[in-house]
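Peer 1:
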Ligand code: GDP
């Protein structure tokens, strides 16, 4: 369930963006033989300059970045919740992802028609979000009908849920997403969210697809989108999908030159991957050996034994303790030996909460 679902109206640049992500996956796929390749899924490396820095110090045989899953959600068009386009098929695909990335068209091009006849980011967003809202209302209404039957039989739990479900339905009918329901801590509400996996409960990010010229400076469409997003505390990341698709095939030097000529510091795709990783509540710790320098993905707030389990289950079962050097100290003292000498290696036990960028070595019993 930990992934980013890509949605967007037709002709906004969603496929171009997804192609760029797929190319980023394929460029690294030799390093990830365990990932099965599925047509609507891209498993992409999460850019992390710290890992490159560690590799400069350790000089390993290979480097492995953390990865992030993107799922291409086809068929989300106006009327989708009523069966238009691919209809309800898209719903189950979105439910499985945790964050939604909507690609929004912010570029003009006479040769590429817009399904709604004009460029208007806020209208486009509202079309998609209405579909998500309608889908949630539909699911909730079905649940309410079932709860009403159970509540007649004097089922106390059903009665409590019914009350909250009806309040939530009213909230949705006022065009408000599940994520802003006032009683988020209510147990019956939480149960409903777990059972029905509402689409409007998910975090949303926007990818503003602009032409080359729109990268350095925000055009009017991007400005409108940013104003809308700011009111809702949502992230807007600008990208030019066409250029991203070219750039993923460049080497590091070519890429830097390109970015400089475009007047930006970081590629939009890289920002999307990095911010998406954060939005999912994920972080990386590192292992730095001569065979491999590697980032391992964990949820923020993970204890050392659970973090060790990401490498191997036996590491958790036989966990004794962890040797930890912060990324900063590892770099400052030129590697493990130097950091140890400077007294910067800590021994941590089973309650230790792993920090972003920790360089870890686990000791365990077999
Ligand atoms: P989708 O229907 O949203 O998947 O859109 P596509 O990715 O297939 O893009 C639709 C058309 O817009 C294609 O011809 C793309 O080459 C073009 N396109 C995508 N991004 C850009 C862009 O940033 N600028 C311009 N001018 N065209 C783009």
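In the UniProt record's numbering, the protein residues as written are 2 to 367. Heads up, the beta-carbon is just placed ideally off N, CA and C, and yes, glycines get one too.
(1) Residue 362 bridges to which residues according to DSSP?
(2) Taking C-beta to C-beta, are residue 1 and residue 320 nearer than 8 Å?
(3) Quick check on the burial criterion: 16 or more other C-beta atoms within 10 angstroms. Buried or exposed for residue 106?
(4) Within 10 Å of its beta-carbon, does residue 262 have 16 or more other beta-carbons around it, so buried, or fewer, so exposed?
(5) Put residue 50 into one of helix, strand or coil per three-state DSSP.
(6) Going by C-alpha to C-alpha distance, which of 286, 304 and 305 sits closest to residue 297?
(7) Smallest Cα separation from residue 359: which of 339, 314, 299 and 293?
(8) Can residue 29 and residue 46 be called in contact, C-beta distance under 8 Å?
(9) Does the beta-carbon distance from residue 200 to residue 265 come in below 8 Å?
(10) Between the Cα of residue 128 and those of 103, 237 and 152, spot the shortest distance and give me the residue it belongs to.
(11) I'd like to know whether the C-beta atoms of residue 202 and residue 180 end up nearer to each other than 8 Å.
(12) Starting from the Cα of residue 1, find the closest Cα among 59, 362 and 99 and give me that residue.
(13) What residue range does the alpha helix (DSSP H) around residue 259 cover?
(14) Which same chain residues end up closer than 8 Å to residue 310 when comparing Cβ atoms and leaving out the 5 residues on each side of it in sequence?
(15) Per DSSP, residue 285 is paired with what?
(16) Are any of the Cβ atoms in chain D nearer than 8 Å to that of residue 178?
(17) From residue 288 to residue 66, what does the alpha carbon distance come to, in whole angstroms?
(18) Would the C-beta of residue 17 count as close to ligand 1, meaning under 7 Å from any of its heavy atoms?
(19) Tell me which same chain residues have a C-beta within less than 7 Å of the C-beta of residue 292, skipping the five on either side of it?
(20) Rounded to whole angstroms, what is the Cα-Cα separation between residue 191 and residue 178?
(21) Looking at residue 242 and residue 17, is the spacing between their C-beta atoms short of 8 Å?
(22) Run the proximity test for residue 273: is its beta-carbon closer than 7 Å to any non-hydrogen atom belonging to ligand 1?
(23) Looking only at its own chain, which residues have a Cβ that is under 7 Å from the Cβ of residue 113, when we skip the five neighbours before and after it?
(24) With DSSP as the reference, label residue 190 as helix, strand or coil.
Peer 2: The short version:
(1) The sequence position of residue 362 within the chain shown is 361, counting from 1. Partner(s): 324.
(2) Nothing about residue 1 can be read from this structure; the chain reaches only from 2 to 367.
(3) If you number the chain shown from 1, residue 106 lands on position 105. It counts as buried.
(4) Looking up residue 262 in the chain shown gives position 261. Under this definition residue 262 is an exposed residue.
(5) Taking the chain shown and counting its residues from 1, one reaches residue 50 at position 49. Correct three-state label for residue 50: helix.
(6) Mapped onto the chain shown, residue 297 falls at position 296. Looking at the Cα atoms, 286 is the closest of the given residues.
(7) As a position in the chain shown, residue 359 is number 358, starting the count at 1. Taking only the C-alpha atoms, the option nearest residue 359 is 299.
(8) Your numbering for residue 29 matches position 28 in the chain shown. Your numbering for residue 46 matches position 45 in the chain shown. Going by C-beta atoms, residue 29 is nearer than 8 Å to residue 46.
(9) If you number the chain shown from 1, residue 200 lands on position 199. If you number the chain shown from 1, residue 265 lands on position 264. Contact flag unset, no.
(10) Within the chain shown, residue 128 is the residue found at index 127, counting from 1. Checked all of 103, 237 and 152; the closest Cα to residue 128 is 103.
(11) If you number the chain shown from 1, residue 202 lands on position 201. If you number the chain shown from 1, residue 180 lands on position 179. Yes, Cβ-Cβ distance for residue 202 and residue 180 is below 8 Å.
(12) This structure gives no information on residue 1, because the portion of the chain shown stretches from 2 to 367.
(13) Here residue 259 refers to the residue found at position 258 when the chain shown is read from its first residue. Unbroken alpha helix (DSSP H) run through residue 259: 253 to 263.
(14) Along the chain shown, one-based indexing puts residue 310 at 309. 316 and 317.
(15) By 1-based counting over the chain shown, the position of residue 285 is 284. According to DSSP, residue 285 bridges with 298.
(16) This model lacks chain D altogether; it includes just one protein chain.
(17) Against the chain shown, residue 288 aligns to sequence position 287. Against the chain shown, residue 66 aligns to sequence position 65. The straight-line gap from Cα to Cα measures roughly 11 Å.
(18) Taking the chain shown and counting its residues from 1, the one referred to as residue 17 is at position 16. Correct: residue 17 has its Cβ closer than 7 Å to ligand 1.
(19) Here residue 292 is taken as the residue at index 291 of the chain shown, counted from 1. 61 and 62.
(20) Your numbering for residue 191 matches position 190 in the chain shown. Your numbering for residue 178 matches position 177 in the chain shown. Cα to Cα, the separation comes out at about 15 Å.
(21) Numbered from 1 along the chain shown, position 16 holds the residue referred to as residue 17. Numbered from 1 along the chain shown, position 241 holds the residue referred to as residue 242. Cβ distance < 8 Å, so residue 17 and residue 242 count as in contact.
(22) Reading the chain shown from its first residue, position 272 is the one you call residue 273. The answer is no for residue 273.
(23) As a position in the chain shown, residue 113 is number 112, starting the count at 1. Counting only Cβ-Cβ distances below 7 Å, and skipping sequence neighbours, we find 12.
(24) Indexing the chain shown from 1 puts residue 190 at position 189. Residue 190: helix per DSSP, three-state reduction.
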